[in-house]
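Presented below is the structure to which this report refers.
Residue numbers (the working numbering): 2 to 403.
Below, the structure is given as structure tokens:
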């Protein structure tokens, strides 16, 4: 009899606990933060996660989304497609998230998109691969707050021409981002009268790229345009310096940072041009976020522009839910463009946006990273900064608006 009563008691306790968990989940809106905490994107991933959490903190302080607390569940994508797929499956199947924010590498984003699309949830990223635009247009589930490689190609070409280069070789990491950057550059550069002397593609994870580098150099370019990441750029620059052959380099800024200079030395990195989207410096949202981000991380936003991008993505997602009056991705996905583009009243925070929405006004969120005016493919058109390594420092030289 005692065994029966004890068993019945334990069953009731278990059911009560499960009921409490279910109730808690009903009162939550879950976001998966899938960021590169390790791997090639590790200089940026921790700051991106911190920025997502800052946005969620602001959202919850303003009452959450439709009265529900927003909860962030973090996973490391390791800047690796296979690891990212495993992490995304957990977020979708175990944690039951309604959105995944923060994939940085194009290879990672392209690997994860089939999973998020099948699950019918939102995927917001800072990747550049042109193929992402097609999926975004077809599904309405994909939004990126970084520029596409198509825009990077336009800007790389403008930089090369502005600096007086007429002959260029390209070196590309063999993935969607590396190839996208260099192919789009070549198309725009040739259209403007430039000459591509060599197009070199290489695999990641190597200890030397000397043969690929020598192939590019032997074509006699005036500049080598890189579609690269930090680890491979580090090796390539070291090997180039050993060859003692003068050359200019243009690379994405995620491959040219303080870690690169520390690794190769200021003399080796001297004169390298770096290109990336710049934050929306003049906006109120940037000023507020920059202060909060530096306080939370000890880092300036300009050292990690992707932090502002994921902060904006999280904020826009929450505003779309409020505008749609639904936490169902199939419903609120239609409102993401509405709350982030004209002609609504300009707002610069979640709290400001919610207040306007509750008063019956249409809104236009102006972000910390850019104006966040998504087109029909879920893409934005930020301004670009052109940087140059000078005496061990990375200095902003000018801004280009594509």
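A virtual CB, placed ideally from N, CA and C, is assigned to each residue, including glycine.
This structure is a prediction, so every number in the text was calculated from the model and none was measured.
Next on the checklist: Output needed for residue 216: all residues of its chain with C-beta closer than 7 Å, excluding positions within five of it in sequence on either side, in chain order.
Outcome noted: Position 215 of the chain shown, counted from the first residue, corresponds to residue 216. Counting only Cβ-Cβ distances below 7 Å, and skipping sequence neighbours, we find 199 and 201.
Item to check | Reduced DSSP category for residue 224 - H, G, I as helix; E, B as strand; rest coil | outcome: Stepping through the chain shown from its first residue, residue 224 is reached at position 223. Residue 224: strand per DSSP, three-state reduction.
Checklist entry - residue 294 and residue 52: beta carbons closer than 8 Å? => result Translated into the one-based positions of the chain shown, residue 294 becomes position 293. Translated into the one-based positions of the chain shown, residue 52 becomes position 51. Contact: yes.
Checklist entry - Using the rule of at least 16 other Cβ atoms within 10 Å of the residue's Cβ for burial, across every protein chain shown, is residue 21 buried or exposed? => result Taking the first residue of the chain shown as position 1, residue 21 is located at position 20. A caution first: residue 21 carries a pLDDT of 42, below 50, which makes its placement in the model too unreliable to give a value.
Item to check | Inter-stretch contact at 8 Å, needing at least 3 Cβ pairs: the segment 115-125 / the segment 171-183 | outcome: no
Checklist entry - What span of residues does the alpha helix (DSSP H) with residue 264 cover, start to end? => result Here residue 264 is taken as the residue at index 263 of the chain shown, counted from 1. Element bounds for residue 264: 259-265.
Next on the checklist: If you reduce the DSSP assignment to three classes, tell me which class residue 341 lands in.
Outcome noted: As a working mapping, residue 341 is identified with position 340 in the chain shown. Here residue 341 sits in helix by DSSP.
Next on the checklist: Taking only three categories from DSSP, how would you classify residue 122?
Outcome noted: In the chain shown, counting from the first residue as 1, residue 122 sits at position 121. Here residue 122 sits in coil by DSSP.
Checklist entry - Looking at the unbroken beta strand (DSSP E) that takes in residue 397, where does it start and where does it end? => result On the chain shown, position 396 is the one that residue 397 refers to. Looking at the DSSP string, the run of the beta strand (DSSP E) that includes residue 397 is 394-401.
Next on the checklist: Can you give me the C-alpha to C-alpha distance between residue 398 and residue 370, rounded to a whole angstrom?
Outcome noted: By 1-based counting over the chain shown, the position of residue 398 is 397. By 1-based counting over the chain shown, the position of residue 370 is 369. Cα to Cα, residue 398 sits roughly 19 Å from residue 370.
Next on the checklist: By the DSSP assignment, the alpha helix (DSSP H) with residue 167 in it spans what residues?
Outcome noted: In the chain shown, the residue the question calls residue 167 occupies position 166. Element bounds for residue 167: n/a, residue is neither H nor E.
Checklist entry - Which residue from 149, 43 and 206 puts its Cα closest to that of residue 183? => result Taking the first residue of the chain shown as 1, we reach residue 183 at position 182. Cα-wise, what sits closest to residue 183 is 149.
Item to check | Backbone CA spacing between residue 229 and residue 86 [nearest angstrom] | outcome: Sequence index remark: in the chain shown, residue 229 carries index 228 (1-based). Sequence index remark: in the chain shown, residue 86 carries index 85 (1-based). Residue 229 and residue 86: Cα-Cα distance of roughly 22 Å.
Next on the checklist: Give me the DSSP bridge partner(s) of residue 246.
Outcome noted: Taking the first residue of the chain shown as 1, we reach residue 246 at position 245. Beta bridge pairing from DSSP links residue 246 with no other residue.
Item to check | Secondary structure, beta strand (DSSP E): runs of 3+ residues fully inside the segment 188-242 | outcome: 196-203 and 224-228
Checklist entry - Okay, do the segment 141-160 and the segment 305-317 touch, 3+ Cβ pairs below 8 Å being the bar? => result yes
Item to check | Opening and closing residue of the alpha helix (DSSP H) in which residue 60 lies | outcome: Residue mapping note: residue 60 aligns to position 59 of the chain shown, counting from 1. Here the alpha helix (DSSP H) through residue 60 covers 46-62.
Next on the checklist: If you follow the alpha helix (DSSP H) that residue 321 is in, where does it begin and where does it stop?
Outcome noted: Position 320 of the chain shown, counted from the start, is the residue given in the question as residue 321. First-last of the alpha helix (DSSP H) with residue 321: 306-325.
Checklist entry - Quick one: any contact between the segment 39-54 and the segment 297-313, if contact means 3 or more CB pairs under 8 Å? => result Between the segment 39-54 and the segment 297-313, the count of C-beta pairs closer than 8 Å reaches three or more; the two stretches touch.
Next on the checklist: Quick check: what's the CA-CA separation for residue 83 versus residue 116?
Outcome noted: Position 82 of the chain shown holds residue 83. Position 115 of the chain shown holds residue 116. Whole-angstrom Cα-Cα distance: 12 Å.
Checklist entry - Hey, is the segment 29-36 in contact with the segment 269-289, meaning 3+ C-beta pairs nearer than 8 Å? => result Here the segment 29-36 does not lie against the segment 269-289, with fewer than 3 beta-carbon pairs under 8 Å apart.
Checklist entry - Could you give the distance in angstroms between the alpha-carbon of residue 255 and the alpha-carbon of residue 129? => result Within the chain shown, the letter at position 254 stands for residue 255. Within the chain shown, the letter at position 128 stands for residue 129. In a straight line, the C-alpha of residue 255 is about 12 Å away from that of residue 129.
Item to check | Pair within 8 Å by beta-carbon distance, residue 341 and residue 375 | outcome: Here residue 341 refers to the residue found at position 340 of the chain shown. Here residue 375 refers to the residue found at position 374 of the chain shown. Judged by beta-carbon spacing, residue 375 lies within the 8 Å limit of residue 341, meaning their Cβ atoms are closer than that value.
Next on the checklist: Beta-carbon within less than 6 Å of residue 249's beta-carbon, same chain only, minus the 5 sequence neighbours each way: which residues are those?
Outcome noted: In the chain shown, counting from the first residue as 1, residue 249 sits at position 248. Closer than 6 Å at the Cβ level, and outside the excluded window around residue 249, lie 224.
Next on the checklist: Using a Cβ distance threshold of 8 Å, determine whether the segment 132-139 contacts the segment 374-391, with at least three qualifying pairs required.
Outcome noted: yes
Checklist entry - Closest to residue 308 by CA distance: which of 91, 105 and 331 is it? => result By one-based count along the chain shown, residue 308 stands at place 307. If you compare the alpha carbons of 91, 105 and 331 with that of residue 308, the shortest gap goes to 105.
Item to check | Reduced DSSP secondary structure (H/G/I, E/B, other) of residue 76 | outcome: By 1-based counting over the chain shown, the position of residue 76 is 75. Here residue 76 sits in strand by DSSP.
Item to check | Rounded C-alpha distance that separates residue 160 from residue 70 | outcome: The residue given as residue 160 occupies position 159 in the chain shown. The residue given as residue 70 occupies position 69 in the chain shown. Each residue's Cα considered, the two are about 45 Å apart.
Checklist entry - Tell me, which residues are paired with residue 385 by DSSP? => result To locate residue 385, count along the chain shown from 1; it is residue 384. Partner(s): 278 and 401.
Checklist entry - Which stretch, first to last residue, makes up the beta strand (DSSP E) that contains residue 303? => result Residue numbering aside, residue 303 sits at position 302 when the chain shown is read from its first letter. Per DSSP, residue 303 belongs to no beta strand (DSSP E) and is neither H nor E.
Next on the checklist: Quick check on DSSP: helix, strand or coil for residue 103?
Outcome noted: Start at 1 with the first residue of the chain shown, and residue 103 comes out as number 102. Strand, per DSSP.
Next on the checklist: What does DSSP give as the partner residue(s) for residue 1 in the beta ladder?
Outcome noted: Since the first residue shown for the chain is 2 and the last is 403, residue 1 is missing from the structure and cannot be characterised.
Checklist entry - Straight-line CA distance for residue 126 to residue 363? => result Sequence index remark: in the chain shown, residue 126 carries index 125 (1-based). Sequence index remark: in the chain shown, residue 363 carries index 362 (1-based). In a straight line, the C-alpha of residue 126 is about 25 Å away from that of residue 363.
Checklist entry - On the three-state DSSP scale, how would you describe residue 150? => result To locate residue 150, count along the chain shown from 1; it is residue 149. Looking at residue 150 - three-state DSSP - the assignment turns out to be helix.
Checklist entry - Under 8 Å, do residue 278 and residue 384 count as touching if we go by C-beta distance? => result Working through the chain shown from its first residue, we reach residue 278 at position 277. Working through the chain shown from its first residue, we reach residue 384 at position 383. Taking 8 Å as the Cβ cut-off, residue 278 and residue 384 qualify as a contacting pair.
Next on the checklist: For residue 136, report the span of its alpha helix (DSSP H) as first-last.
Outcome noted: Here residue 136 refers to the residue found at position 135 when the chain shown is read from its first residue. Taken as a continuous stretch (DSSP letters only), the alpha helix (DSSP H) holding residue 136 covers 132-140.
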